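In the UniProt record's numbering, the protein residues as written are 1 to 247. Built from N, CA and C at the ideal position, the CB exists for glycine as well. Given the structure is predicted, the values throughout are model-derived calculations rather than measurements. Accompanying notes for the structure given below.
Quick look at the structure:
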């Protein structure tokens, strides 16, 4: 899969069909991953995406942390809305140990959070024994593509180190190889269940199929999720991993 240009990553470029497919894959991955019984879910995705709403519609109670580690005033608001409780906090100190059944770290939150080791240790602390975390990060492939666009050739060989990539908007993202993501999770005391690129089908393939038959979306999603590219960080802009707290 060729890297997606940086201007496409917010879904505002020319790859509309691909992003429709991407979101459908992510939603179905979450459906399959969430606990089968009503549970307490912690969502660290910062209010971006529809993860909390999706979990709530399946009967779970959700604590959604807004602007995780980025709200200067710390814990500033706590309110209930249906099954989703919104909290503004810059860390997880408001939660006791072993208090949630599952943690969602979608929307690249562990790539945006440069102190990812500390944040992941906090995730492991609040998970109950046997609880699980679903983590999505920017891949090394994406980082290398962005550096190449910026003509930062001197950094492209430093794939064994932490890769911090500046974006045009001034933000910085941390990009992971599959080995580095595995180290992050194991270092926090979690057991890795599986790891894979979010998508392995190329944007050109998706665009070709959907332009021929828009009804083929479900077929494409099913094909994607039946693929088994475990630990393959040579394709895909994002890596997704599921990890469990032992016990």
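| Roughly how far, in whole angstroms, is the beta-carbon of residue 56 from the beta-carbon of residue 90, given that I think they are within contact range, below 8 angstroms? | If you number the chain shown from 1, residue 56 lands on position 56. If you number the chain shown from 1, residue 90 lands on position 90. Between residue 90 and residue 56 the Cβ distance is about 24 angstroms, and since that is not below 8 angstroms, they are no contact.
| Would you report the Cα separation of residue 197 and residue 235, rounded to the nearest angstrom? | Taking the chain shown and counting its residues from 1, one reaches residue 197 at position 197. Taking the chain shown and counting its residues from 1, one reaches residue 235 at position 235. Taking the straight line from one Cα to the other gives about 7 angstroms.
| task | Could you tell me whether the Cβ atoms of residue 254 and residue 44 are closer together than 8 angstroms? | result | Because the chain in this structure spans residues 1 to 247, residue 254 falls outside the shown range and cannot be described.
| For the putative contact between residue 128 and residue 100, defined by C-beta atoms under 8 angstroms, what is the C-beta separation to the nearest angstrom? | If you number the chain shown from 1, residue 128 lands on position 128. If you number the chain shown from 1, residue 100 lands on position 100. Confirmed, Cβ separation roughly 7 angstroms.
| message | Looking at the secondary structure, which residues open and close the beta strand (DSSP E) in which residue 87 lies? | response | Sequence index remark: in the chain shown, residue 87 carries index 87 (1-based). From DSSP, the beta strand (DSSP E) with residue 87 extends over 84 to 88.
| Simplified DSSP state of residue 205, which is helix, strand or coil | In the chain shown, the residue the question calls residue 205 occupies position 205. Reduced to three states, the DSSP call for residue 205 is helix.
| When we look at the beta-carbon of residue 208 and count the other beta-carbons within 10 Å, is it buried (16 or more) or exposed? | For this step, residue 208 is matched to residue 208 along the chain shown. So residue 208 counts as exposed.
| query | Which parts of the region 104 to 148 are runs of the alpha helix (DSSP H), unbroken and 4 residues or longer, counting only runs that do not cross its ends? | reply | 109 to 112, 116 to 126
| said: Assuming residue 85 and residue 112 are in contact, meaning their beta carbons sit under 8 angstroms apart, how far apart are those beta carbons, in whole angstroms? | reply: Your numbering for residue 85 matches position 85 in the chain shown. Your numbering for residue 112 matches position 112 in the chain shown. That belief does not hold up - the Cβ atoms of residue 85 and residue 112 are roughly 22 angstroms apart, past 8 angstroms.
| Whole-angstrom Cβ separation of residue 190 and residue 124, contact assumed at under 8 angstroms? | Taking the chain shown and counting its residues from 1, one reaches residue 190 at position 190. Taking the chain shown and counting its residues from 1, one reaches residue 124 at position 124. Correct: roughly 6 angstroms between the Cβ atoms.
| residue 63 - partner residues in DSSP beta bridges | By one-based count along the chain shown, residue 63 stands at place 63. Residue 63 is bridged to 42, 85.
| message | Please classify residue 118 as buried or exposed, where buried requires at least 16 neighbouring CB atoms within 10 angstroms. | response | Here residue 118 refers to the residue found at position 118 of the chain shown. Classification of residue 118: exposed, given that the 10 Å Cβ count is below 16.
| said: Looking at residue 35: is its Cβ nearer than 8 angstroms to the Cβ of residue 98? | reply: Position 35 of the chain shown, counting from 1, holds the residue named residue 35. Position 98 of the chain shown, counting from 1, holds the residue named residue 98. For residue 35 and residue 98, no; Cβs fall outside 8 angstroms.
| said: With the cut-off set at 8 angstroms, would you say residue 140 and residue 163 are in Cβ contact? | reply: Here residue 140 corresponds to residue number 140 of the chain shown, with the count starting at 1. Here residue 163 corresponds to residue number 163 of the chain shown, with the count starting at 1. Contact: yes.
| said: For residue 245, tell me which candidate among 187, 47, 210 has the shortest Cα-Cα distance. | reply: As a position in the chain shown, residue 245 is number 245, starting the count at 1. Of the listed residues, the one whose Cα sits closest to residue 245 is 187.
| task | Starting from residue 242, follow the beta strand (DSSP E) in both directions and report where the run begins and ends. | result | Working through the chain shown from its first residue, we reach residue 242 at position 242. Residues 238 to 244.
| field | Supposed close pair residue 24, residue 217 - CB separation, criterion 8 angstroms | value | Numbered from its first residue, the chain shown carries residue 24 at position 24. Numbered from its first residue, the chain shown carries residue 217 at position 217. That pair is a contact at about 6 angstroms.
| If you draw a straight line from the C-alpha of residue 195 to the C-alpha of residue 38, how long is it? | Position 195 of the chain shown, counted from the start, is the residue given in the question as residue 195. Position 38 of the chain shown, counted from the start, is the residue given in the question as residue 38. Answer to the nearest angstrom: the Cα atoms are 25 angstroms apart.
| request: Determine the contact status of residue 174 and residue 116, defining contact as a CB-CB distance below 8 angstroms. | output: Position 174 of the chain shown, counted from the start, is the residue given in the question as residue 174. Position 116 of the chain shown, counted from the start, is the residue given in the question as residue 116. Their beta carbons are under 8 angstroms apart, which means residue 174 touches residue 116 by this criterion.
| message | For a quick check, are the C-beta atoms of residue 58 and residue 120 less than 8 angstroms apart? | response | The residue labelled residue 58 in the question sits at position 58 within the chain shown. The residue labelled residue 120 in the question sits at position 120 within the chain shown. No, the Cβ-Cβ distance between residue 58 and residue 120 is not below 8 angstroms.
| request: Can you grab the Cα-Cα spacing for the pair residue 205 / residue 106, in whole Å? | output: Looking up residue 205 in the chain shown gives position 205. Looking up residue 106 in the chain shown gives position 106. Their backbone Cα atoms lie some 25 angstroms apart in a straight line.
| Same chain only: Cβ atoms within 8 angstroms of residue 53, ignoring 5 sequence neighbours per side | Locating residue 53 in the chain shown gives position 53, counting from the first residue. Once the five neighbours on either side are set aside, the close Cβ partners of residue 53 are 84.
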